[in-house]
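S.K.: Structure in structure tokens, see below.
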């Protein structure tokens, strides 16, 4: 028997995140959360057929310049407001299929993914703050199909969506990953 009694809570907590130095929750403010939640409610209502507006996902899908994306979002938001009776407009953002913003934010082969994730999250926060819901395509692999269109690559990224899901109104899987069971499971709400 140990000389130092350990509570069950302490013992269980030692099982989790043993090599994690610290955890900093990534919580959107109420403004961003409202944009996402209201966008999700409207999108779901349209897809169910309860809302006769047209769902429109429009804009650049691959962002390499966050400032240009913000400028575009501001213009799109103004149009969205003017057409709100007929259209539910979402701005797209490809998360990982294009090896750019997240995987190589400097587009120079340095692959500073940690910076890319922060940049992508910051961009989605800013777009949500503007009041524009976002749509993301979760592609999730560096090469969705193997040689000659064979089985999907086993390196499936299920981590990136965890950083962005709370800022995404509508998520889709890419055409190349429709046969991926993991990606299908990610789309279940």
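In the numbering used here, the protein residues as written are 1 to 189.
C-beta atoms are modelled at their ideal positions from N, C-alpha and C, and glycine is treated no differently.
When you compare each of 133, 67, 24 to residue 41 by their alpha carbons, which one comes out closest?
M.R.: Out of 133, 67, 24, 133 has the C-alpha closest to the C-alpha of residue 41.
S.K.: So what does residue 138 bridge to, in DSSP terms?
M.R.: According to DSSP, residue 138 bridges with 173.
S.K.: Determine the closest residue to residue 39 out of 57, 161, 26, 69, with distance taken between C-alpha atoms.
M.R.: Per the Cα distances, 57.
S.K.: Does the beta-carbon distance from residue 73 to residue 127 come in below 9 Å?
M.R.: In this structure, residue 127 lies closer than 9 Å to residue 73 by Cβ.
S.K.: For the structure I just gave you, are there three or more beta carbon pairs, one from the stretch 45 to 60 and one from the stretch 79 to 88, closer than 8 Å?
M.R.: The stretch 45 to 60 vs the stretch 79 to 88: in contact.
S.K.: What would DSSP say about residue 66, mapped onto helix, strand or coil?
M.R.: In this structure, residue 66 counts as helix in the three-state DSSP scheme.
S.K.: Assuming contact is defined by CB atoms lying nearer than 9 Å, are residue 92 and residue 135 in contact in what I supplied?
M.R.: The answer is yes: Cβ separation under 9 Å.
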